[in-house]
């Protein structure tokens, strides 16, 4: 489109904005880079990583159901007595029995012992972490916790042990503080096989990354003779 007074067919130059060369080369700030925080890490692995705590839903649910049932039955009986109905037979028998029996009676002592054992069991469940099959691993990041199943750790040690020359079969019992390895060797000297197993298994335990590496107990024997 032409304006009045301009020759037909001429072009009009559009206005341009001059930009400084240094400003043009400056990159725009990255909003995601400003909001990204570095991952919190620990200077060294935390060997004091504690065990994982079990939720223990089944004991808690059973105890809650027993208490709920007993409380509901007792409240129903009390409400019935308040409504001029006779108390339930079990409550009358229990009250008469407690009034007549002495404290040194065998039945009373057995009941008190059972109640004490149940109470101690519940206290033990409340104060111990549980999850004995889950071994805590060394913490390299402050916000990450990891664990390794004892069965998986035993399989790793067994696989490493069978790679040693002269080893025929291996049995591994993995505990929280000690790993017992029993190997059968069908050739080579037993002392040489045991030395190689000690070296290989020590490296394997170190590579597991456990917070508290278990102590190794290695035994090497000959297979039992047939016949």
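In our numbering, the protein residues as written are 11 to 237.
Using N, Cα and C, we set each Cβ at its ideal position, and we do this for glycine too.
Since we're looking at a predicted model, the values are computed, not measured.
Please list the segments of the alpha helix (DSSP H) lying wholly inside the stretch 141-225, counting only runs of 4 or more residues, in order along the chain.
-> 160-172 and 200-218
Nearest candidate by alpha-carbon position, reference residue 148, set 95, 137, 69 and 158 = 158
Between which two residues does the alpha helix (DSSP H) harbouring residue 238 extend?
-> Because the chain in this structure spans residues 11 to 237, residue 238 falls outside the shown range and cannot be described.
Within its chain, find whatever has a CB closer than 6 angstroms to the CB of residue 140; leave out the 5 residues flanking it on each side and keep chain order.
-> 64
Straight-line gap, residue 113 to residue 101 (C-alpha atoms, nearest Å) | 19 angstroms
State the Cα-Cα distance for the pair residue 168 and residue 142, rounded to the nearest angstrom.
-> 20 angstroms
Do you know how far the Cα of residue 61 is from the Cα of residue 83?
-> 40 angstroms
Alpha carbon of residue 234 to alpha carbon of residue 191, nearest angstrom = 18 angstroms
For the stretch 87-94 and the stretch 103-122, state whether three or more C-beta atom pairs, one from each stretch, are separated by less than 8 angstroms.
-> no
Output the distance between the C-alpha atoms of residue 116 and residue 122, rounded to the nearest integer angstrom.
-> 10 angstroms
Would you check if there are 3 or more beta carbon pairs closer than 8 angstroms linking the stretch 161-180 to the stretch 126-135?
-> no
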